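In the working numbering, the protein residues as written are 21 to 210.
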């Protein structure tokens with residue numbers, strides 16, 4: 021939709037509105053993914069409590085700045101929140117007693133992709149603000165950085181869906197064939 025509003029309809033206000041809706045939808049989507057990935061209810065509560073606060077702040081920023089600017093501050097806040105919660109997810113994942121090796125979990129690789137995406141775009145947005153009126157070569161370098169971050173994120177996401185989560189057999193959970201007779205044998209001692 022952003023491409024349509026810029027290239028065909030030449031409506032900058034609709035372009036900015038679409039970008040803002042994209043960031044809001046992205047925040048809700050990644051928050052719901054992280055909510056279902058966490059085990060600790062306190063972290064889930066904190067994560068879900070930040071959702072209405074962020075939405076209210078985002079709407080406030082929209083009416084404060086209008087359709088004239090994108091509003092990088094809410095996006096920076098969004099990325100900082102996700103970086104923090106993904107690090108907490110990694111910590112929680114290492115603390116749990118798991119039967120599947122951590123790097124064989126789909127959620128782990130999705131969080132690695134989200135961490136790469138959010139941290140890469142966080143620095144991209146900071147650099148865009150600094151070099152907004154820079155030369156064309158600097159802007160092209162920033163676009164190249166953004167493209168590389170997005171491509172690597174998409175590769176990580178794609179590879180994560182190829183994983184097959186299979187529980188690891190531990191010493192406590194030895195499985196036997198169901199038709200194996202393991203009854204103790206009794207000898208006749210007459």
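Backbone N, C-alpha and C fix where the C-beta goes; we use that ideal spot for every residue, glycine too. All values reported here derive from a predicted model rather than from experimental measurement.
Looking only at its chain, what residues have a beta carbon closer than 8 Å to the beta carbon of residue 96, apart from the 5 residues adjacent to it on each side? 142, 145 and 146
Could you check if residue 138 is buried or exposed, using at least 16 other CB atoms within 10 Å of its CB as the buried criterion? buried
Every unbroken alpha helix (DSSP H) within the stretch 38–85, with a cutoff of 4 residues, ordered by chain: 61–85
For the candidate residues 140, 165, 150 and 130, whose alpha-carbon lies nearest to that of residue 176? 130
Range covered by the alpha helix (DSSP H) that runs through residue 91: Run containing residue 91: none; DSSP gives neither H nor E here.
Considering only C-alpha positions, which residue in the set 132, 108 and 46 is nearest to residue 178? 132
Suppose you measure from the CA of residue 56 to the CA of residue 128; what does that come to, to the nearest Å? 13 Å
If I follow the unbroken alpha helix (DSSP H) through residue 182, where does it start and stop? Taken as a continuous stretch (DSSP letters only), residue 182 belongs to no alpha helix (DSSP H), as it is neither H nor E.
Do you know how far the Cα of residue 74 is from the Cα of residue 170? 24 Å
Identify whether residue 150 lies in helix, strand or coil by the three-state DSSP scheme. helix
Within 10 angstroms of its Cβ, does residue 173 collect 16 or more other Cβ (buried), or is it exposed? buried
Tell me which same chain residues have a C-beta within less than 6 Å of the C-beta of residue 91, skipping the five on either side of it? 81 and 85
Would you grab the beta carbon distance between residue 105 and residue 67 for me? Rounded to a whole angstrom, and I think it's under 8 Å. 6 Å
Looking at residue 126: is its Cβ nearer than 8 Å to the Cβ of residue 180? yes
Is the Cβ-Cβ distance between residue 36 and residue 108 less than 8 Å? no
Under a CB-based cut-off of 8 Å, is residue 148 close to chain D? In summary, chain D is missing from the structure at hand, where a single protein chain is found.
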